[in-house]
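Residue numbers (the working numbering), protein chains in the order written: chain A, 342 to 976; chain B, 6 to 325.
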């Protein structure tokens, strides 16, 4: 229940809401759920499982590279692990964790809504994501994983040079994954635009929601480029089209352009939710509002926008015209400015506030350090001639791990700690939490810092082995030791959270004095999030005592309790005026069934069973009909 | 950290030990960016330390917001605009030095073609074809024309110049003008499949006269062995499947899958620098190339009698 109240009228209303929003118990409940929080937890568990797989792949590779001329694995295995590591971390770990888990769990809570705008599509996004992950990982279990790198350049990925099914697993799996992400992004856009509690005008919306908004826009505009690219590739591979075949008027650079038109915005898609988490955690632990709130909000949106104009810096060595490169170098430099604004805003909030360096904030401080360092090495990659030296070397590996491991994942780890009491109702162990931070922080630096030097010493990326005598042995050994330290820190972090989930001290609704609306409800929140749709008249809603007192009164009077069914309020997109009451669909097995059917259909295309695939498509249409069939009347 | 970064100097594939003007200009650009970058990094670390030191001190809200805006606008907008403008100007100035040479600007052209997984090297205007060891005259402006026979590769000798991708349907070029005689290592730097790690090359820079002598010799067809084991080896080469994949000019062997072996005896390494070119290594390479270079397109010939393989070695070694 959202608000403590012992008034009999309030208690009765809360009981009624409990009945209306109750979902099926047990395992079936997890399959049919449309509760954004449970879907968020499914995303969390799944993405962490994929993270473990991607991490294990990294450890095997680091073991192979610990010394020159090692033979732990051969190049065929290495190339599969390298490809799977990249694909896993980007498509099956970071994005599903940041947008799927954090976004899903938190956005409706932060805006005072009872669910996402399209709860069943939300469930479908998850099941399709799981299907795409299972599909891609099937290839690894069969020993035929994709091995042309996550960037999958043609013609290496063409049927002539990669005749097996590996690349088809990659392409078709990522097409499915893209559909899932697109559906999720559309859902966030509508949720954020329409479902904010009355009174939450755009300038009162939490910065985390700005970050998710910017991310969702980026996904919607970036993914079509990748999907088109993957469809071209499959048409080439399966049906002898010639999109990338020079001999027939195609062009391999087309693949690269489309891939990076998606691929660079993708970096911001990965890092923006992390910015959002940073701007959630910092005010809480500094007891001060974010400095320059409007500037930070605009900067978040600008980063997403300019991110679409920088993709060619991945292609500076392909021999493009000078003018093209100058333009994209300029854009790649300009994007520094909105990032710089945010960095100094975070720093100044810390300087002028009274920071309490608890575990979540430590991870954010680590994030700032990594983001600045990785950002600076990123600037050097916009300097065309230098990029032409170091691109495709370990310098780049170092750079982007500082950014997408250090800067994007550290806030996610901090976020795991920060919202742990909200999700479980219990506190994590603070001292072990701080210890895990230092382990992970040290491991990250020890793994990825020496890679800058390996790269400057001329070590190319994506090599399964290297000769002795080039001075690469020491830095590689350090990276390998660091990788195991990092893995140890992450295991300790996980143990802390799992043990605390059972043994932690009860947390209460708002253990840190957090500022956003999720702290205004119980921990864990009830299925309907808030017993009364919260009143919002300021930007830091949970710090507004008057509004929260008003919630208590309104619950007793039955004002916007919406106890007649699955209901939540809709409001106008900009000003957040009350615009109506929406009926929300309830739990349903069909999103799960459709996810399974879509995955099976894709598997049939993959194995060239086109007739069965067509029949599966017909089956999917049938499922969609059932999905929209009239529901039994509600209690 | 400077010390650690500096320790790379001397490694024969290090970006920070340039020997040509373009590589040196890039190196200067790097150290300039490094220095400025460290100052910026230091400023941010300083702010974080300041936050820690002042953690118990409350700042009046209006004053805090004024201070914050001043630092955010100064540090996040004004300073970056200045620094980035200077960097941009620097980049524009260095770019011509590392761009493709203008037509007629060079006095020698060498065509390097990437194959899975070796480098084919041709000297247009002569019949010379070699592999993996690129001989160049010192103090001469040389145009390297970079192409591929199959997938995308990237030609990169860090001490001499930037890298340039080899892309199907395109021909890219860079200039190599090496002032110092010596041997410089390079390596494929675009992932090109299972043999990517073992696709290295050497640029062997000679005095112009010595280079001219070398080139004249390489342009000659192979000498027919006068007899003995080497002659038996030649017959073996022509009757086994060797000739399907390799060319030896002056003989019927004209395969185009593997490297041209006309003067294999004069090369110092085998299999794109994977192993030194010795009798023993050559014998083992013919026997089981997959052991040295997993995924190599070359099949093993362990099924040939030892004497036949010895004869092949004798023949190939004699091809100076």
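C-beta: ideal position from N, C-alpha, C; glycine also.
Answer with buried or exposed for residue 104/B, where buried requires no fewer than 16 other C-beta atoms within 10 angstroms of its C-beta. buried
Nearest chain A C-beta to residue 111/B closer than 8 Å, yes or no? no
Have a look at the DSSP bridge pairing and note the partners of residue 275/B. 280/B
Say whether chain A places a C-beta atom closer than 8 Å to the C-beta of residue 206/B. no
In whole angstroms, what is the alpha-carbon distance linking residue 149/B and residue 29/B? When only Cα atoms are considered, residue 149/B and residue 29/B end up about 19 Å apart.
Output yes or no for whether 8 Å exceeds the beta carbon distance between residue 625/A and residue 853/A. Cβ atoms of residue 625/A and residue 853/A: closer than 8 Å.
Just to confirm my understanding: we take residue 495/A, look at its own chain, exclude 5 residues before and 5 after, and list those with CB closer than 6 Å. What are they? So the list reads 585, 593 and 596, once near-sequence residues are dropped.
Note down, one range per segment and in chain order, each alpha helix (DSSP H) of at least 4 residues found wholly within the segment 85–165 of chain B. none
Do you know how far the Cα of residue 718/A is from the Cα of residue 649/A? In this structure, the alpha-carbon of residue 649/A lies about 20 Å from that of residue 718/A.
As assigned by DSSP and simplified to three states, the class of residue 950/A: Reduced to three states, the DSSP call for residue 950/A is coil.
Check residue 321/B in the structure and name its three-state DSSP category. helix
Cβ of residue 681/A less than 8 Å from any chain B Cβ? yes
Indicate whether residue 369/A and residue 461/A have their beta-carbon atoms separated by less than 8 Å. no
Please list the partners that residue 693/A has in chain B, where partner means a Cβ-to-Cβ separation under 7 Å. 64, 69, 72 and 73
Quick test of your reading: residue 510/A and residue 941/A, contact by CB under 8 Å. State the CB separation rounded to the nearest angstrom. Actually they do not touch by this definition, with Cβ atoms about 14 Å apart.
How long is the line joining the alpha carbons of residue 664/A and residue 678/A, rounded to whole angstroms? 22 Å
Top-ranked residue by Cα proximity to residue 182/B, from 83/B, 98/B and 102/B: The shortest Cα separation from residue 182/B among 83/B, 98/B and 102/B belongs to 102/B.
Interface residues of chain B around residue 643/A at Cβ under 8 Å? Correct list: empty, because the minimum Cβ distance to chain B is about 12 Å.
Could you tell me whether the segment 220–228 of chain B touches the segment 682–690 of chain A, using the rule of 3 or more Cβ pairs below 8 Å? no
Whole angstroms is fine: what's the gap from residue 323/A's alpha carbon to residue 622/A's? This structure leaves residue 323/A out entirely; chain A is present only between 342 and 976.
Neighbour flag for residue 577/A against chain B, beta carbons, 8 Å: no
Using 8 Å as the threshold, is the C-beta distance between residue 532/A and residue 449/A below it? yes
Whole angstroms is fine: what's the gap from residue 654/A's alpha carbon to residue 724/A's? 9 Å
Looking at the secondary structure, which residues open and close the alpha helix (DSSP H) in which residue 293/B lies? From DSSP, residue 293/B is part of no alpha helix (DSSP H); its letter is neither H nor E.
Is there a C-beta anywhere in chain A that falls below 8 Å from the one on residue 35/B? yes
Determine the direct distance from the alpha carbon of residue 348/A to that of residue 897/A, and round the result to whole angstroms. 7 Å
Taking the continuous alpha helix (DSSP H) assigned at residue 735/A, which residues delimit it? 735–742
Classify residue 188/B as buried or exposed, calling it buried when 16 or more other Cβ atoms lie within 10 Å of its own Cβ. By the 10 Å Cβ count, residue 188/B comes out exposed.
Please classify residue 181/B: does DSSP put it in a helix, a strand, or coil? The answer is strand: DSSP assigns residue 181/B an E or B state.
Which residue's Cα is closest to the Cα of residue 697/A: 771/A, 676/A and 352/A? 771/A
How would you list, in chain order, the residues of chain A whose beta-carbon sits under 7 Å from the beta-carbon of residue 177/B? Chain A residues near residue 177/B: 660.
From the DSSP output, which residues share a beta bridge with residue 497/A? DSSP output for residue 497/A lists no bridge partner at all.
Are any of the Cβ atoms in chain A nearer than 8 Å to that of residue 80/B? yes
Leaving aside the five residues before and after residue 938/A along the sequence, list all residues of the same chain whose C-beta is less than 8 Å from its C-beta, in chain order. Result list for residue 938/A: 957, 960, 961 and 964, in chain order.
Expected contact under 8 Å - CB spacing of residue 578/A and residue 676/A to nearest Å: Wrong, their Cβ atoms sit about 35 Å apart, outside the cutoff.
Can you name the start and end residues of the beta strand (DSSP E) that residue 169/B belongs to? 169–171
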